[in-house]
Amino acid sequence: MKIEEIKNGIVIDHITAGKGEELYTLLGLDKLEIPVAIMKNMNSAKMGKKDIIKIDGVVELSTDIIGYIDPCATVNIIKEGKTASKYGVSLPRELKNVISCKNPRCITSCEQELDQIFKLTDEENREYRCLYCETKAK
Amino acid sequence: MRSLIDIKELSVEEIDSLIETALDIIDNPQKYSEKCKGKKLATLFFEPSTRTRLSFEAAMYELGGNVLGFSEAQSSSSAKGESVADTAKMISCYADIIAMRHPKEGAPLVASMNATIPVVNAGDGGHNHPTQTLADLLTIKRKKGKFDGLTVGLCGDLKFGRTVHSLINALNRYNGIKFVLISPDELKVPSYVKNEITKAGKEYVETKDLVEALPSLDILYMTRVQKERFFNEEDYLRLKDSYILDPAKLTYAKKDLSIMHPLPRVNEISVKVDSDPRAHYFEQALNGKYMRMALILMLLGIK
Ligand SMILES: [Zn+2]
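Protein sequences, first through last, are from chains G and S. Numbered by our numbering, the letters in the first sequence go through residues 1 to 138 in order. Numbered by our numbering, the letters in the second sequence go through residues 139 to 441 in order.
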């Protein structure tokens with residue numbers, strides 16, 4: 001299996017195997033018109049198996065979304081075919097308009113113009129709760 | 139400018155100071171009768187709750203203030219589709235403080251994020267109802283003189299009853315509190331609430347038997363067991379009588395037990411209990427008014 005190396009773009013590496021697709025969707029990469037590849041179940045010395053996303057182009061990505069889906073992921077910025085910078089992500093304290101509250105009794109269910117805000121309430125269990133009704137995410 | 143949306147926003151010291159103010163109001167009502175002169179409370183009740191609304195209104199009148207507002211969605215602009223945020227901004231022009239009840243969870247928080255005056259959550263669906271908890275705490279304080287070391291029994295619907303969760307949360311912060319959680323298996327306290335008790339270093343026991351639990355209790359907080367909470371009628375009929383407090387059951391209780399209930403009750407406390415000196419649920423409603431008075435003063439920054 002071979003995916004062409006990218007010249008200027010972004011590689012999201014070390015994604016926990018199985019999370020690549022969810023991250024792809026939440027980041028809105030399906031709406032891009034530049035080449036994007038999701039590589040699933042790649043061999044990794046560190047993790048056994050991992051997913052990788054390669055984006056052939058310069059786009060702005062939400063580190064909050066990456067951190068929310070997988071705080072173990074790393075982001076590599078590729079310039080002229082080389083890794084120009086590399087950074088990790090962490091669990092964001094707050095998620096704004098990333099996921100939406102599923103509680104039908106929540107005020108956000110009838111006032112759709114409200115921002116969907118979730119707060120990190122339990123770091124250990126990666127638990128987020130709706131700011132308004134405190135319902136657990138997912 | 140501060141609001142009260144969730145009881146957890148108040149520190150133990152702040153609750154103590156609210157209780158102190160309420161006790162002073164009870165002893166010296168005339169001292170407070172003009173404290174809010176010229177101030178207006180807006181009661182925005184997007185769903186009717188006569189009991190809570192009257193308590194807020196009486197509180198403001200006894201402080202010498204005035205009241206404006208509406209009750210029920212039909213009579214308000216929300217029926218025409220105005221958002222909670224816009225309503226809060228608009229009311230901020232007319233009043234000094236808002237008491238809001240809304241059927242949707244989180245609506246008072248949205249109001250507080252948009253108002254330029256304090257907002258008090260007067261109940262948002264089954265979510266939060268902090269002034270009910272304040273009433274509960276003042277009742278315990280007046281009857282027991284303390285919080286530390288009390289054994290508190292909570293009986294009935296402990297799964298969906300948020301007044302129960304909120305009271306547990308508030309009491310968790312005092313020393314030596316013990317909880318006895320009395321409910322059918324179907325309506326047990328959710329595990330996250332039990333985790334909070336354990337995290338606070340407090341003890342609890344769970345039981346299905348009210349009579350068995352009664353002798354150890356200093357406080358018995360009764361709640362309604364609603365028929366809708368059961369999957370079938372049989373279970374409901376089988377269980378409902380076990381959680382009705384009557385004079386016969388009360389013979390097992392301490393002489394200085396304090397019986398509480400957030401009201402309205404249906405049949406979970408027999409009317410024969412009302413004349414028992416241990417029945418404190420009507421005083422509890424009155425205590426709600428005093429705590430609302432203390433809270434209004436605090437939020438308006440009036441000493
Ligand atoms: Zn919500």
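Glycine is no exception: its CB is placed at the ideal position from the N, C-alpha and C atoms. Being a predicted model, the structure only gives us computed values, none of them experimental.
Item: Inter-stretch contact at 8 angstroms, needing at least 3 Cβ pairs: the region 359-375 of chain S / the region 301-321 of chain S; Value: yes
Item: Outcome for L292 of chain S when other beta-carbon atoms lying within 10 angstroms are tallied against a minimum of 16; Value: buried
Item: N- and C-terminal bounds of the beta strand (DSSP E) containing H303 of chain S; Value: H303 of chain S -> not in any beta strand (DSSP E); alpha helix (DSSP H) instead, spanning R300 to L309.
Item: Short-range partners of chain S found in the region 93-120 of chain G, where Cβ spacing is below 8 angstroms; Value: N103, R105, C106, I107, T108, S109, C110, E111, E113 and L114
Item: Alpha-carbon to alpha-carbon, I38 of chain G and V222 of chain S; Value: 43 angstroms
Item: Proximity test, Y312 of chain S beta-carbon vs ligand 1 heavy atom, cut-off 7 angstroms; Value: no
Item: Where the beta strand (DSSP E) through Y128 of chain G begins and ends; Value: E127 to C130
Item: Continuous beta strand (DSSP E) stretch holding T74 of chain G: start and end; Value: T74 to K79
Item: Nearest neighbour of K282 of chain S, chosen from S:A197, S:L358 and S:V409 [CA to CA]; Value: S:L358
Item: Pick from S:S141, S:T389, S:I163 and S:R239 that is closest to H429 of chain S, judged by C-alpha positions; Value: Before going further, note that residue 429 of chain S is Met rather than His in the sequence given. Among S:S141, S:T389, S:I163 and S:R239, the Cα nearest to that of M429 of chain S belongs to S:I163.
Item: R403 of chain S versus A17 of chain G: straight-line alpha-carbon distance, rounded; Value: 54 angstroms
Item: CA nearest to the CA of I34 of chain G, picked from G:T121, G:N41, G:K54 and G:Y87; Value: G:K54
Item: Neighbourhood of S90 of chain G by C-beta distance below 6 angstroms, restricted to the same chain and skipping five residues each side; Value: G67 and P71
Item: CB contact below 8 angstroms: G299 of chain S versus chain G; Value: no
Item: Beta-carbon proximity of I52 of chain G to I99 of chain G, cut-off 8 angstroms; Value: no
Item: Cβ-based neighbour list, K242 of chain S, same chain, cut-off 7 angstroms, excluding 5 preceding and 5 following; Value: D262 and G263
Item: Whole-Å CB distance - A308 of chain S paired with T277 of chain S, under 8 angstroms assumed; Value: That pair is no contact at about 12 angstroms.
Item: Residues, ordered as in the chain, of the region 169-198 of chain S that lie near chain G by beta-carbon distance below 8 angstroms; Value: none
Item: For M42 of chain G, three-class secondary structure by DSSP; Value: strand
Item: C-beta neighbour in chain G for V302 of chain S, strict 8 angstroms; Value: no
Item: Strand pairing of L319 of chain S, partner residues [DSSP]; Value: S:L292 and S:E344
Item: E147 of chain S burial status per 10 Å Cβ neighbour count (16 or more: buried); Value: exposed
Item: Segment contact flag, the region 171-182 of chain S with the region 194-214 of chain S, C-beta cutoff 8 angstroms, min 3 pairs; Value: yes
Item: Own chain partners of G244 of chain S with C-beta closer than 8 angstroms, once the 5 adjacent residues on each side are dropped; Value: D262 and H265
Item: Proximity test, Cβ basis, 8 angstroms: G244 of chain S and chain G; Value: yes
Item: Best match in S:E371, S:N405, S:L355 and S:I407 for proximity to Y390 of chain S [C-alpha to C-alpha]; Value: S:L355
Item: Residues near L433 of chain S in its chain [Cβ-Cβ closer than 7 angstroms; skip 5 each side]; Value: L142, L156, V258, T269 and L272
Item: Within 9 angstroms of chain S by C-beta, residues of the region 124-135 of chain G in sequence order; Value: C130, L131, Y132, C133, E134 and T135
Item: Neighbourhood of R311 of chain S by C-beta, 8 angstroms cutoff - its chain only, sequence neighbours within 5 removed; Value: V150 and A338
Item: Proximal residues to L296 of chain S (C-beta, below 7 angstroms), its chain only, five neighbours per side dropped; Value: V302, L319, S321, L325, K326 and V327
Item: S193 of chain S: first and last residue of the uninterrupted alpha helix (DSSP H) it sits in; Value: T188 to E200
Item: Proximity test, Cβ basis, 8 angstroms: G263 of chain S and chain G; Value: yes
Item: Rounded straight-line distance, which links the Cα of M139 of chain S to that of V59 of chain G; Value: 41 angstroms
Item: Inter-stretch contact (C-beta, 8 angstroms, three-pair minimum) for the region 76-90 of chain G and the region 40-49 of chain G; Value: no
Item: Among G:K102, G:S109 and G:C110, the one whose alpha carbon lies nearest that of R129 of chain G; Value: G:K102
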